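A.B. asks: Under the working numbering, the first residue of the sequence shown is numbered 8, with each subsequent residue one higher.
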Amino acid sequence: MMPERKQILGNAKRVLVKIGSGVLTGKDGLDLTIIDHLTDEIAGLSKEGYQFVIVSSGAIASGMHRMGFRTKLQSMPQKQAAAAIGQGRLMRVYSNAFGRHDMNVAQILLTMSDLTNRERFLNMRNTLSVLMEWNVIPIINENDTVAVEEIKFGDNDNLAAMMANIIEAHLFINLTNTAGLYDGSPGKGKKTRLIPLVREITEDIERVASDESDPSGTGGMKSKVLAAKKVTAFGIPCIIAPGKAKGIIQEILSGKDVGTLFLPMKEHMRSKQHWIAFTLRARGKILVDEGAERAIIHQGKSLLPSGITGTEGDFEVGDPVACVNLDGVVIAKGLTNYSAADINKIKGLRTSRIEQILGAKPYDEVIHRDNMAVQPRKTR
Ligand code: GLU
Numbered sequence: 008m009m010p011e012r013k014q015i016l017g018n019a020k021r022v023l024v025k026i027g028s029g030v031l032t033g034k035d036g037l038d039l040t041i042i043d044h045l046t047d048e049i050a051g052l053s054k055e056g057y058q059f060v061i062v063s064s065g066a067i068a069s070g071m072h073r074m075g076f077r078t079k080l081q082s083m084p085q086k087q088a089a090a091a092i093g094q095g096r097l098m099r100v101y102s103n104a105f106g107r108h109d110m111n112v113a114q115i116l117l118t119m120s121d122l123t124n125r126e127r128f129l130n131m132r133n134t135l136s137v138l139m140e141w142n143v144i145p146i147i148n149e150n151d152t153v154a155v156e157e158i159k160f161g162d163n164d165n166l167a168a169m170m171a172n173i174i175e176a177h178l179f180i181n182l183t184n185t186a187g188l189y190d191g192s193p194g195k196g197k198k199t200r201l202i203p204l205v206r207e208i209t210e211d212i213e214r215v216a217s218d219e220s221d222p223s224g225t226g227g228m229k230s231k232v233l234a235a236k237k238v239t240a241f242g243i244p245c246i247i248a249p250g251k252a253k254g255i256i257q258e259i260l261s262g263k264d265v266g267t268l269f270l271p272m273k274e275h276m277r278s279k280q281h282w283i284a285f286t287l288r289a290r291g292k293i294l295v296d297e298g299a300e301r302a303i304i305h306q307g308k309s310l311l312p313s314g315i316t317g318t319e320g321d322f323e324v325g326d327p328v329a330c331v332n333l334d335g336v337v338i339a340k341g342l343t344n345y346s347a348a349d350i351n352k353i354k355g356l357r358t359s360r361i362e363q364i365l366g367a368k369p370y371d372e373v374i375h376r377d378n379m380a381v382q383p384r385k386t387r
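1. Does the beta-carbon of ASN184, which I'm using as the reference point, lie nearer than 8 Å to any heavy atom of the ligand GLU?
2. Can you tell me whether ASN163 sits near the ligand GLU, meaning its C-beta is under 8 Å from at least one heavy atom of the ligand?
3. From ALA90, LEU80, PHE128 and ILE144, pick the residue whose C-alpha is nearest to that of GLY53; which is it?
4. Under the criterion of a Cβ to heavy atom distance below 8 Å, does GLY27 qualify as lining the ligand GLU?
5. So, at 6 Å on beta carbons, what are the nonlocal neighbours of ALA302 in its own chain, with the 5 sequence-adjacent residues on each side left out?
6. Have a look at the DSSP bridge pairing and note the partners of ARG21.
7. Please indicate yes or no: does the CB of LEU178 lie closer than 8 Å to some heavy atom of the ligand GLU?
8. Is it the case that the CB of GLN94 approaches a heavy atom of the ligand GLU more closely than 8 Å?
9. Which stretch, first to last residue, makes up the alpha helix (DSSP H) that contains GLY298?
10. Taking a contact to mean a Cβ-Cβ separation below 9 Å, would you say ILE247 touches PHE269 in this structure?
11. In the DSSP assignment, the beta strand (DSSP E) including ILE174 goes from what residue to what residue?
12. If we count the other Cβ atoms within 10 Å of its Cβ and call it buried at 16 or more, is PRO327 buried or exposed?
13. Can we say the segment 309-323 touches the segment 250-261, given the rule of at least three CB pairs closer than 8 Å?
14. Going by DSSP in three states, PRO222 sits in which element: helix, strand or coil?
15. Grab me the residues of ILE353's own chain with a C-beta within less than 6 Å of its C-beta, minus the 5 sequence neighbours each way, in chain order.
16. Just to confirm, are VAL238 and ALA348 a CB contact at a threshold of 9 Å?
17. Does the beta-carbon distance from SER230 to ASN172 come in below 9 Å?
18. Mind checking which residues open and close the beta strand (DSSP E) that includes GLN114?
19. Kindly indicate the opening and closing residues of the alpha helix (DSSP H) around ALA232.
20. Output the boundary residues of the beta strand (DSSP E) element that contains GLY95.
21. Please determine if the segment 54-66 and the segment 18-32 are in contact, where contact requires at least 3 C-beta pairs separated by less than 8 Å.
22. From ILE350 to ARG376, what does the alpha carbon distance come to, in whole angstroms?
23. For GLU323, which three-state DSSP category applies?
24. Using three-state DSSP, classify SER136 as helix, strand or coil.
25. From VAL336 to ALA289, what distance separates their C-alpha atoms?
26. Sorted by chain position, which residues of the same chain lie with C-beta nearer than 8 Å to ASP221's C-beta, five sequence neighbours on each side aside?
27. Should SER359 go down as buried or exposed, given a rule of 16 or more other Cβ atoms within 10 Å for buried?
28. Going by DSSP, what residue range makes up the alpha helix (DSSP H) through THR123?
29. Would you verify that the beta carbon of GLN14 is, or is not, closer than 9 Å to some beta carbon of chain D?
30. Using a 10 Å radius around the Cβ and a threshold of 16 neighbouring Cβ atoms, would you call GLY224 buried or exposed?
31. Measuring only from the beta carbon, is SER346 closer than 8 Å to any heavy atom that is part of the ligand GLU?
32. Would you say the beta carbon of SER120 is closer than 8 Å to some non-hydrogen atom of the ligand GLU?
33. Which residues share a DSSP beta bridge with GLY36?
34. Where do the ends of the alpha helix (DSSP H) carrying ALA66 lie?
35. Quick check on the DSSP output: the beta strand (DSSP E) that includes LYS340 runs from which residue to which?
36. DSSP three-state call for LYS385: helix, strand or coil?
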């Protein structure tokens, strides 16, 4: 048993468990045996003092099964209709399964737009904390019926990572239909091995993950590693583990060597910065010179007009924007105090000239440090 596992997993009490479609469904629709096993474990551990929040897929698969569809649905409205049919059934199954242990469940359906608004984000956090206080198990899914491309989480790995941040989970367990992350793509002639521990999500790790495709899930291993990156940047450890293995959650929490554990980053982001970095989508880019890049990355400084060389996109005051260096690499994201049009008038100039040119100087900084998240990646 690795010492890291015991230390990290031994202290986890608030746990986010994501259960993928590949785990929940068999060829006969929802796999009730697996759901019973998982709920037995979660209910048992809840009674020992653990708190669980579940992010569950399976609505579309269940709806398809109800309707007798065997081949993949093609159009978005068809998938949305299937989700509308399946979501109710999914909740009934969970409700019955937890009901055997006298526990209640709560359905929460979300789209990305519910989280990009800071107020709604905070409301959601309050609701979840009341549910947890009442010992009710929140079961979260994307609100597929209304979600169109621009407001979608993309996949439930992403949704689960954001929820882990919101509830300030001590651990994110991503249950999938593989044993974890492998060091190569299976079936390519080479022998592949399970990676038990990832200390840092390097480009190599991301590459290994994207080589591997998982036909049954939406995102495959790539989106699971991206989700791990999001939560570890917030200081939350993540484990990708086989959801169909009996007793898996207990094994994980007791520090047994199962799945792939991603260690949390030592210097992690605060909640607001994490929200800026991972929840908001950039509306445009601010191009910065080397001096500004150094000041942002190494000196913890705000972005001033003098270090800006240009902009891309048409953004307004308050919009999230990406700061891009001379190599085209995104080095930070933040909320801008000036519109693209105004930045182009003051770029390269000293702060003292802002008022003269724009007629007013609401802020010295184009992006204040408090509203900025430096990207968690290795820099030059
Ligand atoms: N929301 C989808 C469903 O319930 C699943 C999406 C995903 O697994 O990424 O069927």
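Glycine included, each C-beta is placed from N, C-alpha and C at the ideal position.
From a predicted model like this one, the values you see are computed outputs, not experimental measurements.
C.D. replies: Let me lay it out:
1. Flag unset: Cβ of ASN184 not near the ligand GLU.
2. yes
3. First, the residue type needs correcting, since residue 53 is Ser and not Gly in the sequence shown. Checked all of ALA90, LEU80, PHE128 and ILE144; the closest Cα to SER53 is ILE144.
4. yes
5. LYS308
6. ARG21 is bridged to GLN58.
7. no
8. Yes; taking the cut-off as 8 Å, the Cβ of GLN94 has a heavy atom of the ligand GLU nearer than that.
9. 297-306
10. yes
11. Segment: none, ILE174 is in no beta strand (DSSP E) and carries neither H nor E.
12. buried
13. no
14. Unreliable placement is indicated for PRO222, whose pLDDT of 45 sits below 50; the coordinate value is still reported in the next sentence. PRO222 falls in the coil class under three-state DSSP.
15. PRO312, ILE361 and ILE364
16. no
17. Contact flag unset, no.
18. 112-117
19. According to the sequence as given, residue 232 is Val; it is not Ala. Taken as a continuous stretch (DSSP letters only), the alpha helix (DSSP H) holding VAL232 covers 227-240.
20. Counting along the chain, GLY95 falls outside any beta strand (DSSP E), though it belongs to the alpha helix (DSSP H) covering 83-106.
21. yes
22. 17 Å
23. coil
24. DSSP, reduced to helix, strand and coil, places SER136 within a helical segment of the structure shown.
25. Put simply, the backbone Cα of VAL336 is about 14 Å away from that of ALA289.
26. With a pLDDT of 46 at ASP221, under the threshold of 50, the modelled position of that residue is not reliable, and the figure given next carries that caveat. So the list reads GLY29, THR183, ASN184, THR185, GLY227 and MET228, once near-sequence residues are dropped.
27. exposed
28. 120-123
29. Reference to chain D is not applicable here, since this structure consists of a single protein chain.
30. With a pLDDT of only 45 at GLY224, under the threshold of 50, the placement of this residue in the model should not be trusted; the figure read from the coordinates follows. GLY224 should be labelled buried.
31. no
32. no
33. GLY33
34. 66-74
35. Unbroken beta strand (DSSP E) run through LYS340: 337-342.
36. Because the pLDDT of LYS385 is 45, which lies under 50, any placement of that residue in the model is unreliable, and the number read from its coordinates should be weighed accordingly. Reduced to three states, the DSSP call for LYS385 is coil.
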